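> Chains Z and E supply the protein sequences, listed in that same order. For the first sequence, this note's numbering assigns the number 1 to the initial residue and increments by one for each residue that follows. For the second sequence, this note's numbering assigns the number 1 to the initial residue and increments by one for each residue that follows.
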Amino acid sequence: MSLDISFIGILIGSIMASSVPLILAASGELITERSGVLNLGVEGMMIIGAISGFALMVITDNLFIAIIGSMLSGVVISLIFGFLTQSLLTNHVATGLALTIFGIGLSAMLGKDFVGIPGKDFPILFSSLRESIPFFGPILFGHSIILYFAFVLPFLTSYFLKKTKLGLIVRAVGDSPVSASNQGINVVLVRYCCILYGGGMCGLAGAYLSLIYTPQWIENMTAGRGWIALALVVFATWSPIKVLIGAIIFGGISILQLHMQAVGFRIPVQFLIALPYLMTIIVLVVISRDSRKIKLNTPTSLGRIFYKEK
Amino acid sequence: MYKNFLRYLISAIFLITFSISAKADFKVGFVYIGPTGDHGWTYQHDEGRKAVEAAGIKTTYVESVKYGADAERVIRQLAQSGHDLIFTTSFGYMDATNKVAKDFPNVKFEHATGYKREHSNVSTYSARFYQGRTILGHIAGKLTKTNTIGYIASFPIPEVIRGINAMTLAAQKVNPNIKTKIVWVFSWYDPGKEAEAAQALIDQGADIIMQHTDSTAPVQTAEKAGIWSFGQASDMQRFAPKSILTSIIDDWAPYYVERAIAARDGTWSQQDTWHGLKEGMVAMSPYNKGMGADLVKEAEQLQKDLASGKIHSFTGPIYDQKGNILVAEGKVADDGMLLGMNVYVKGVEGDIPK
Numbered sequence: 001m002s003l004d005i006s007f008i009g010i011l012i013g014s015i016m017a018s019s020v021p022l023i024l025a026a027s028g029e030l031i032t033e034r035s036g037v038l039n040l041g042v043e044g045m046m047i048i049g050a051i052s053g054f055a056l057m058v059i060t061d062n063l064f065i066a067i068i069g070s071m072l073s074g075v076v077i078s079l080i081f082g083f084l085t086q087s088l089l090t091n092h093v094a095t096g097l098a099l100t101i102f103g104i105g106l107s108a109m110l111g112k113d114f115v116g117i118p119g120k121d122f123p124i125l126f127s128s129l130r131e132s133i134p135f136f137g138p139i140l141f142g143h144s145i146i147l148y149f150a151f152v153l154p155f156l157t158s159y160f161l162k163k164t165k166l167g168l169i170v171r172a173v174g175d176s177p178v179s180a181s182n183q184g185i186n187v188v189l190v191r192y193c194c195i196l197y198g199g200g201m202c203g204l205a206g207a208y209l210s211l212i213y214t215p216q217w218i219e220n221m222t223a224g225r226g227w228i229a230l231a232l233v234v235f236a237t238w239s240p241i242k243v244l245i246g247a248i249i250f251g252g253i254s255i256l257q258l259h260m261q262a263v264g265f266r267i268p269v270q271f272l273i274a275l276p277y278l279m280t281i282i283v284l285v286v287i288s289r290d291s292r293k294i295k296l297n298t299p300t301s302l303g304r305i306f307y308k309e310k
Numbered sequence: 001m002y003k004n005f006l007r008y009l010i011s012a013i014f015l016i017t018f019s020i021s022a023k024a025d026f027k028v029g030f031v032y033i034g035p036t037g038d039h040g041w042t043y044q045h046d047e048g049r050k051a052v053e054a055a056g057i058k059t060t061y062v063e064s065v066k067y068g069a070d071a072e073r074v075i076r077q078l079a080q081s082g083h084d085l086i087f088t089t090s091f092g093y094m095d096a097t098n099k100v101a102k103d104f105p106n107v108k109f110e111h112a113t114g115y116k117r118e119h120s121n122v123s124t125y126s127a128r129f130y131q132g133r134t135i136l137g138h139i140a141g142k143l144t145k146t147n148t149i150g151y152i153a154s155f156p157i158p159e160v161i162r163g164i165n166a167m168t169l170a171a172q173k174v175n176p177n178i179k180t181k182i183v184w185v186f187s188w189y190d191p192g193k194e195a196e197a198a199q200a201l202i203d204q205g206a207d208i209i210m211q212h213t214d215s216t217a218p219v220q221t222a223e224k225a226g227i228w229s230f231g232q233a234s235d236m237q238r239f240a241p242k243s244i245l246t247s248i249i250d251d252w253a254p255y256y257v258e259r260a261i262a263a264r265d266g267t268w269s270q271q272d273t274w275h276g277l278k279e280g281m282v283a284m285s286p287y288n289k290g291m292g293a294d295l296v297k298e299a300e301q302l303q304k305d306l307a308s309g310k311i312h313s314f315t316g317p318i319y320d321q322k323g324n325i326l327v328a329e330g331k332v333a334d335d336g337m338l339l340g341m342n343v344y345v346k347g348v349e350g351d352i353p354k
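Rendered as structure tokens:
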């Protein structure tokens, strides 16, 4: 492998780009889960975001509308989940799975006329700095605004949960909805908000794929990234910063294994392809060993149906 | 009274369904591995289907059918619903096609790129894509400055390995220092992965990208990086206007029309078809002027010679990676060897995934 310093910079840049959808979707799902709601529909919400974003881009020719629209579509689709689980008290797991299946099917139907249309170039920021600074240039500059947002988001999420009153309310609702309710908190409303926020972030993650990463629409183009985001939240023991670390490791090794193939490492390709999954789990398990901290972060009432007696 | 009504209703329903299935217009079914809008493999098969339709024969298709149980279910469904001829258009449908064929002896089956014809109602057909790869290799060998050609491969089957070898041999002929770097993505269609693979190859010094996968992501990545690329299966030029040198085009239409008419008229019989540039099943899209007028001429000449049989893509001496002779000097590889090809020729880097 050519190991000159500027090449490593480019490599890190492309690793960052590949981890963005995971960070966005996992950060959104993290908030949802911290409020005690387990939404397995991440993949479905992402794919709906991907087609909505792309379709709006083609129709309106405006990337801003496309991005906002993709988030809104994620919100709308998660509203279905919210209504079913919070108002009709259905089982979280079953409803979430249904949402994924529904999303994949619906997106394929909506996307019928958008297959094979070339996408548009998404504007990147500071592209001149990217070329002029070796090593740090390709890492820090020349990315889309969504990437910068994704890398700030885990820190904002962490701050929100730990330092703000609203964050405290979310955690209280996730840990003990009954006591929170007795304190006068509207548990159902809080959970609704968290579900919709998660939906919005998943929609954005999908739009990143169809508008920026590989600018085109293809059926099933999320290709399981939603499930990986879901797993990341659990393996990162509901800590936003660890979600970020996990997403970078997963994205990193996915890219590195392709490079290892291109270089001609004599390792079975099948093993290389499994490597991102293995390494992400191992690293996250190792950095999350402290059982006291896990208990502190785990939403105790995750996936349990809350029913307020009248 | 009510009971009678119910009885009439049920018998009416039976009658209608029966008459629909018994009326039996001649119908042709197609099973696709990707969406018809992939602008690659499946798109071309669907163009073939449209030609059959234009010839006045009814067709239906099912797209994005996964290998395995899904494939068998879909093929069986088509056979049950009155289709007389069914084209299954991907290598992985091989076993499912033969399995269903056994249960429907009156339905004709045509399986693309496979080799199993276990029942008399199964034919196989494929195109000599490797002839196109020879032209790509010639162009790539002439144009590369880094002497590194990046190749995005799908699954380690003879079809794909044959393409890699044909390309490498042709490139070596015009540039002995050529290296072929391969990344296996283990998918026919995953734009994200294909794009990442293309980027990895570019980062590793490849200045020409070619693919044996179906999406347009690799050529788009090449266009962004400002390097050359080749389209696959259909003319992908509009996705990467500057970068694409030419595309190998699969033209299934004449074959599909011929076979559908034969099946309708009762002259269909089992056969194994392997057509190439000569018959037009493999074609090249217009060559990019950016490669220079001389090279365009060379490519066109090579295309003519491959079509006429004056030049064979696998002409000896050909050595494997360890230096053992595969095809002796002056000989050409026979079809049996080509169909079962499972070793790299000298000059390809890495091992074939097992």
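The beta carbon of each residue, even a glycine, is placed where N, CA and C say it ideally should be. Fair warning: this is a prediction, and the values are worked out from it, not measured in the lab.
(1) Could you tell me the alpha carbon to alpha carbon distance between residue 7 of chain Z and residue 259 of chain Z, rounded to whole angstroms?
(2) Return the residues of the segment 240-266 of chain Z that lie within a Cβ-Cβ distance of less than 8 Å from chain E, sorted by chain order.
(3) Does the pairing of the segment 215-227 of chain Z with the segment 146-162 of chain E give three or more beta-carbon distances under 8 Å?
(4) Nearest chain Z C-beta to residue 238 of chain E closer than 9 Å, yes or no?
(5) Would you please state the rounded distance, in angstroms, between the beta carbons of residue 26 of chain Z and residue 229 of chain Z? I believe it to be under 8 Å.
(6) Measure the alpha-carbon distance for residue 23 of chain E versus residue 318 of chain E and round it to whole angstroms.
(7) Rounded C-beta distance between residue 13 of chain Z and residue 139 of chain Z? I'm assuming under 8 Å.
(8) Using the beta-carbon of each residue, which ones in chain Z are nearer than 9 Å to residue 186 of chain E?
(9) Where does residue 210 of chain E sit, in a helix, a strand or coil, going by DSSP?
(10) CB-CB under 7 Å to residue 37 of chain Z, same chain, minus the five flanking residues each way: which ones, in chain order?
(11) So, is residue 314 of chain E buried or exposed, given that buried needs 16 or more other C-beta atoms within 10 angstroms?
(12) Determine contact between the segment 263-281 of chain E and the segment 235-244 of chain E, defined as no fewer than three beta-carbon pairs at a distance below 8 Å.
(13) Enumerate, from N- to C-terminal direction, the unbroken alpha helix (DSSP H) stretches of 4 or more residues contained entirely within the segment 51-106 of chain E.
(14) Would you mind sorting residue 129 of chain E into buried or exposed? The rule is 16 or more other CB atoms within 10 Å of its CB.
(15) Along chain Z, in chain order, which residues have C-beta atoms closer than 9 Å to that of residue 282 of chain E?
(16) Which term fits residue 21 of chain E, buried or exposed, when burial requires 16 or more other beta carbons within 10 angstroms of its beta carbon?
(17) DSSP three-state call for residue 57 of chain Z: helix, strand or coil?
(18) So residue 29 of chain Z and residue 42 of chain Z are supposed to be a Cβ contact under 8 Å. How far apart are they, rounded?
(19) Just to confirm my understanding: we take residue 47 of chain E, look at its own chain, exclude 5 residues before and 5 after, and list those with CB closer than 7 Å. What are they?
(20) How far does the alpha helix (DSSP H) with residue 92 of chain Z in it reach, from first residue to last?
(21) Below 9 Å between beta carbons: does that hold for residue 144 of chain E and residue 208 of chain E?
(22) Nearest-angstrom Cα distance between residue 316 of chain E and residue 279 of chain Z?
(23) Is residue 116 of chain Z close to chain E, meaning its C-beta is less than 9 Å from at least one C-beta of that chain?
(24) Is residue 227 of chain Z helix, strand or coil when you go by DSSP?
(25) List, in chain order, every chain Z residue whose beta-carbon is nearer than 8 Å to that of residue 350 of chain E.
(26) What are the complete alpha helix (DSSP H) segments, minimum 4 residues, inside the segment 141-183 of chain E?
(27) DSSP puts residue 272 of chain E in a beta bridge; with which residues?
(28) Identify every residue that forms a DSSP beta bridge with residue 319 of chain E.
(29) Tell me the start and end of each unbroken alpha helix (DSSP H) in the segment 106-176 of chain Z that is at least 4 residues and wholly inside, in chain order.
(30) Hey, would you say residue 102 of chain E sits closer than 9 Å to residue 119 of chain E, going by beta carbons?
(31) Looking at the strands, I want to know which residues DSSP matches up with residue 279 of chain Z.
(32) Considering only DSSP beta bridges, list what residue 232 of chain E is partnered with.
(33) Helix or strand or just coil, what does DSSP make of residue 365 of chain E?
(34) Which one of E:88, E:342 and E:40 has the shortest CA to CA distance from residue 29 of chain E?
(35) What I want to know is whether the C-beta of residue 42 of chain E ends up closer than 8 Å to one or more non-hydrogen atoms of the ligand HEM.
(36) Taking 8 Å as the threshold, find out whether the segment 252-270 of chain Z comes into contact with the segment 333-351 of chain E through three or more Cβ pairs.
Walking through what the data contain:
(1) If you number the first sequence from 1, residue 7 of chain Z lands on position 7. If you number the first sequence from 1, residue 259 of chain Z lands on position 259. Across the structure, residue 7 of chain Z and residue 259 of chain Z are spaced so that their CA atoms are roughly 12 Å apart.
(2) 254, 255, 258, 259, 261, 262, 263, 264 and 266
(3) no
(4) Along the second sequence, read from residue 1 onward, the residue named residue 238 of chain E stands at position 238. So yes, residue 238 of chain E belongs to the interface.
(5) As a first step, residue 26 of chain Z is located in the first sequence; it is residue number 26 there, counting from the start. As a first step, residue 229 of chain Z is located in the first sequence; it is residue number 229 there, counting from the start. Between residue 229 of chain Z and residue 26 of chain Z the Cβ distance is about 4 Å, and since that is below 8 Å, they are a contact.
(6) Position 23 of the second sequence, counting from 1, holds the residue named residue 23 of chain E. Position 318 of the second sequence, counting from 1, holds the residue named residue 318 of chain E. Confidence at residue 23 of chain E is low in this model, with a pLDDT of 46, below 50, so the placement of that residue should be treated as unreliable; the coordinate-derived value is given next. Each residue's Cα considered, the two are about 57 Å apart.
(7) Residue 13 of chain Z sits at position 13 when you count from the first residue of the first sequence. Residue 139 of chain Z sits at position 139 when you count from the first residue of the first sequence. Indeed they touch by this definition, with Cβ atoms about 5 Å apart.
(8) Counted from its first residue, the second sequence places residue 186 of chain E at position 186. Chain Z residues near residue 186 of chain E: 269, 270 and 273.
(9) By one-based count along the second sequence, residue 210 of chain E stands at place 210. Residue 210 of chain E falls in the strand class under three-state DSSP.
(10) For the purposes of this step, residue 37 of chain Z is identified with residue 37 of the first sequence, where counting begins at 1. Closer than 7 Å at the Cβ level, and outside the excluded window around residue 37 of chain Z, lie 85, 92, 191, 194 and 195.
(11) For this step, residue 314 of chain E is matched to residue 314 along the second sequence. Its Cβ being crowded by 16 or more others within 10 Å, residue 314 of chain E is buried.
(12) no
(13) 69-80 and 94-103
(14) For this step, residue 129 of chain E is matched to residue 129 along the second sequence. Answer is buried; the Cβ neighbour count reaches 16.
(15) Locating residue 282 of chain E in the second sequence gives position 282, where the first residue counts as 1. Correct list: empty, because the minimum Cβ distance to chain Z is about 22 Å.
(16) Position 21 of the second sequence, counting from 1, holds the residue named residue 21 of chain E. At residue 21 of chain E, the pLDDT of 48 sits below 50, so the modelled position is not reliable; the number obtained from the coordinates is stated separately. Flag for residue 21 of chain E reads exposed.
(17) The residue labelled residue 57 of chain Z in the question sits at position 57 within the first sequence. Three-state result, residue 57 of chain Z: helix.
(18) Numbered from 1 along the first sequence, position 29 holds the residue referred to as residue 29 of chain Z. Numbered from 1 along the first sequence, position 42 holds the residue referred to as residue 42 of chain Z. Going by Cβ atoms, the distance from residue 29 of chain Z to residue 42 of chain Z rounds to 5 Å, so yes, they are a contact pair.
(19) Within the second sequence, the letter at position 47 stands for residue 47 of chain E. Excluding residues within five positions, the ones whose Cβ falls inside 7 Å are 253.
(20) Within the first sequence, residue 92 of chain Z is the residue found at index 92, counting from 1. It spans 92-110 - the alpha helix (DSSP H) in which residue 92 of chain Z sits, taken as one unbroken run.
(21) Start at 1 with the first residue of the second sequence, and residue 144 of chain E comes out as number 144. Start at 1 with the first residue of the second sequence, and residue 208 of chain E comes out as number 208. Contact: yes.
(22) For this step, residue 316 of chain E is matched to residue 316 along the second sequence. For this step, residue 279 of chain Z is matched to residue 279 along the first sequence. Their backbone Cα atoms lie some 45 Å apart in a straight line.
(23) Here residue 116 of chain Z is taken as the residue at index 116 of the first sequence, counted from 1. Chain E, which has a Cβ nearer than 9 Å to the Cβ of residue 116 of chain Z, makes this yes.
(24) If you number the first sequence from 1, residue 227 of chain Z lands on position 227. Residue 227 of chain Z falls in the helix class under three-state DSSP.
(25) Along the second sequence, read from residue 1 onward, the residue named residue 350 of chain E stands at position 350. Near residue 350 of chain E (Cβ distances below 8 Å), the residues of chain Z are 261, 264 and 266.
(26) 158-174
(27) Locating residue 272 of chain E in the second sequence gives position 272, counting from the first residue. Beta-bridge pairing links residue 272 of chain E to E:124.
(28) Start at 1 with the first residue of the second sequence, and residue 319 of chain E comes out as number 319. Answer by DSSP bridge pairing, in chain order: E:325.
(29) 127-132, 136-140, 145-163 and 165-175
(30) Counting from 1 along the second sequence, the entry for residue 102 of chain E is found at position 102. Counting from 1 along the second sequence, the entry for residue 119 of chain E is found at position 119. Their beta carbons are under 9 Å apart, which means residue 102 of chain E touches residue 119 of chain E by this criterion.
(31) Within the first sequence, numbered from 1, the residue matching residue 279 of chain Z stands at position 279. DSSP output for residue 279 of chain Z lists no bridge partner at all.
(32) As a working note, residue 232 of chain E is residue 232 in the second sequence. E:248.
(33) Outside the displayed range of chain E (1 to 354) lies residue 365 of chain E, so it cannot be described from this structure.
(34) For the purposes of this step, residue 29 of chain E is taken as the residue at position 29 of the second sequence. Of E:88, E:342 and E:40, the residue nearest in Cα terms is E:88.
(35) Of ligands this structure carries none, so the ligand HEM is not represented either.
(36) At 8 Å Cβ cutoff, the stretches touch.
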